[in-house]
Structure formats: C-alpha cells, structure tokens
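Just below is one structure, and these are the notes that go with it.
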Amino acid sequence: MPDEPFMDTGTEPPTYLHTVSNRVRAQDARPARAAYAPGLAARAIALLSADGWQATEQIPEPRLASWGVVVAGRRDGREITVSVARDRDTVRYLGRTPALALYAQVPHVRPEPVVTERTLLPGRSLCVECDGLGLCPLCEGRGWVLDGLPGWGGGPRDPHRLGRCPECLTQRVCPRCSGTGQY
Ligand SMILES: [Zn+2]
Ligand SMILES: [Zn+2]
C-alpha cells in the first residue's frame, strides 16, 4: 500500500498527515462478480466497530454515486473509508492520520522597520506605502494572508485558509520601495 505524506501549508502552523489508499479488484471483473451486495455496509460497520472504530454509513457524493456503499470509521483521530463499487468488483480503502501541527503557533510580531526618519539616507524620504518597514505592509513579510489569492489555500473558494498576499504576491518586500523603505 503506498503511504503518502502530505503537508498542508494552508494553515498556520502548517500541518502534516499521512494518507494511504488502495483498491482491491477481483481478477474476474464480470458484473455478476461485483462485490456490492445489500448488507455490505452493516457488515463493514460491524467489523470496524469490533475493532474499536466509530463507524457509520455515508451517503456518497453525487459525483461518486457509483460507489454503492461507503462506510467511514474514526478512531483516535484517525479516519478510514471503505467504498464498494456498485457495478465493478472493486473495493477502495482510504486511510488518514490526524493532522499534526509541525510546530507550535508563534504569534506574529511586526518586524522592526529597515529605515526610520533618523536613519534615512540624505535627500530621501520614508516610503509612503510601508513607512520604512521595507516589508510588504499588508502581510508584513509573511507572503500570505487569510482570505488572500488562491495559492496554498485562499481565494473565494477557500477563504479560511492562507492565500497568497494580494499586495506583494508572496514577494514579501514592499512593492513600492522594493524593500529599501525609502526613495
Ligand atoms: Zn515601501
Ligand atoms: Zn504581502
């Protein structure tokens, strides 16, 4: 079974989880040999429950309607989904570990400006966009913001995850002064 690590950088802090998936297909694929049968869901629920999983039958999404039976189980934050095709002799297993934070959340602190009124070069003035910060004034150098442009997450379809900063487009420096804080 292939075991795939997955890192989700659309959250802060980013999370890490493993997924595993497999399909079991009978060599004799005639429709008459299809694995689907009434009572399969109850059998899968009973087997998972006996092993300590909280299992329930799921209604397949319309686009996945060819999966006649879908049973999902949860145990200690882990998830398993068993799907049986209605018209093929195929059983699909999906497993997923809990998402673990890669590090403790660190509160963002606005960085010190690269230049102030006192340290300006002669004849220059502070950048009106970032006021000497040098970094992008919207994301303050992070490159991402909640409700940003589609990227890791973000965009209208995923506003609750981190998206690319619409101001600097992940360049992180102030687009107006290119990071110098003055001009
Ligand atoms: Zn600037
Ligand atoms: Zn930015």
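So in our numbering, spot 26 of the sequence shown is number 40, and the numbers just go up one at a time.
Yeah, the Cβ is synthetic: ideal placement off N, Cα and C, and Gly gets one too.
* Asked: Is any heavy atom in ligand 1 found nearer than 8 Å to the beta carbon of ARG77?
  -> no
* Asked: Per DSSP, HIS174 forms a beta bridge with which residues?
  -> Its beta-bridge partners do not exist; DSSP assigns none.
* To do: Check whether the Cβ of GLU71 sits closer than 8 Å to any heavy atom of ligand 1, and report yes or no.
  => no
* Asked: Which residues are close to ligand 1, meaning CB closer than 6 Å to any heavy atom, in chain order?
  -> CYS141, GLU143, CYS144, CYS188, ARG190, CYS191 and GLY195
* Can you check whether the CB of SER80 is closer than 9 Å to the CB of ARG102? -> yes
* Compute the Euclidean distance between the alpha carbons of LEU152 and MET21, then round it to the nearest angstrom. => 25 Å
* Asked: How should THR104 be labelled, buried or exposed, when 16 other C-beta atoms within 10 angstroms of its C-beta is the threshold for buried?
  -> buried
* Given a cut-off of 9 Å, decide if LEU176 and GLY24 are closer than it, judged by their beta-carbon atoms. => yes
* To do: Run the CB neighbour count on LEU62, radius 10 Å, all protein chains shown included, and call it buried at 16 or more, exposed below.
  => buried
* Find the nearest neighbour of CYS150 within the set PRO27, GLY137, GLN185 and SER139, judged by alpha-carbon distance. => GLN185
* Reduced DSSP category for ARG89 - H, G, I as helix; E, B as strand; rest coil -> strand
* Asked: Helix or strand or just coil, what does DSSP make of ILE94?
  -> strand
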